[in-house]
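Before any comments, here is the structure.
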Amino acid sequence: MRPDWNPTVPQPGAQAVTVDTSAQHRVLRNTYWLLALTMIPTVIGAMAGASFQFGAIFKAYPIMAPLGMFFIMLGLLFGVSAARNSVWGVVLMFAFTFVAGFFLGPILQHAFALRNGGQLVALSGGMTGAILFAMAGIATVTKKDFSFMGKFLFVGLVLLVVASLANLFFQIPALQLTLSAISVLIFSAYILYDVSNIIHGGETNYVMATVNLYLDIYNIFVSLLNLLMAFSGQRD
114 MRPDWNPTVP QPGAQAVTVD TSAQHRVLRN TYWLLALTMI PTVIGAMAGA
164 SFQFGAIFKA YPIMAPLGMF FIMLGLLFGV SAARNSVWGV VLMFAFTFVA
214 GFFLGPILQH AFALRNGGQL VALSGGMTGA ILFAMAGIAT VTKKDFSFMG
264 KFLFVGLVLL VVASLANLFF QIPALQLTLS AISVLIFSAY ILYDVSNIIH
314 GGETNYVMAT VNLYLDIYNI FVSLLNLLMA FSGQRD
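Sequential numbering of the sequence shown, starting at 114, is according to our numbering.
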């Protein structure tokens, strides 16, 4: 679910490319501002999703419901990518983040059914913020080019998506927890890669840069919340 795979990003050993540092800093600054703004429709969507009756839908369509959510988000992502150079790209990006927040409904309902669910949601958010701060800080301070990670992360992401889709049919709890742990690692590394990509000129469109970082944060949050509920959730 990442629209950013770009085989034209300079790889180690390629001819050196002159990068406009001030322009890249501007892209990074605009990306952080937009990323902060995307939290508004996400929270609004999450509030709406937390009160929506997902249970009946998932009970009637245990496989098609999550697949439908996946393809709706994928379709919106393609829309954002297609319109990334116009104001409609920003509009679609905010629409996507609202829908993404709305689709947090099932996991939030599961979390809030626990005695300490609110604490787990807050802890997951805090841990996600800490990971973002740490990974973005490493990429910014060291200024090292992490573009070499792109192919490995992409392969890992494809395998993760395939395994997650397969688990919709098998419903193995241990596999779900394993995939959540792997997801935290992959998307944490993606933050490092994405911020580095902006700094070194691999991504010059702040709409796509924002979407990429948003997806990293979103997946880390969901995966951490899954793990925290499994190991620390207090049921009545």
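Glycine residues also receive a C-beta, built at the ideal position from the N, C-alpha and C atoms.
Source: prediction; values computed, not measured.
Judged by DSSP in its simplified three-state form, Asp258 adopts coil rather than helix or strand.
Given a length threshold of 4 residues, each whole run of the alpha helix (DSSP H) inside the stretch 261-285 is given here in chain order: 263-283.
Counted as a single uninterrupted DSSP element, the stretch harbouring Gln347 is not any alpha helix (DSSP H), since DSSP gives it neither H nor E.
Under the three-state reduction of DSSP output, Ser293 falls in the helix class.
Residue state for Arg142 is assigned as helix, using DSSP reduced to three classes. When the beta-carbon positions are compared, Ser296 and Leu273 come within less than 8 Å of each other. Looking at the backbone, the Cα of Gly231 and that of Thr134 are separated by about 42 Å. Comparing C-alpha distances from Asp307 to each of Gly263, Ser345, Ser277 shows the shortest one belongs to Gly263. The stretch 330-344 makes contact with the stretch 228-242; the number of CB pairs closer than 8 Å reaches 3 or more.
Counting only the Cα atoms, Ser345 lies some 13 Å from His223. Counting C-beta pairs with one atom in each stretch, the stretch 320-331 and the stretch 272-288 have fewer than three that are closer than 8 Å, which means they do not touch. By the C-beta density criterion, His138 is exposed, having fewer than 16 other C-beta atoms within 10 angstroms. Here Leu148 is buried, its C-beta having at least 16 other C-beta atoms within 10 Å.
For Leu187, the uninterrupted alpha helix (DSSP H) run begins and ends at 177-195, by DSSP.
In this structure, Leu341 sits near Leu233, with a CB-CB distance shorter than 8 Å. In this structure, DSSP gives Leu217 a state outside helix and strand, which the three-state scheme calls coil.
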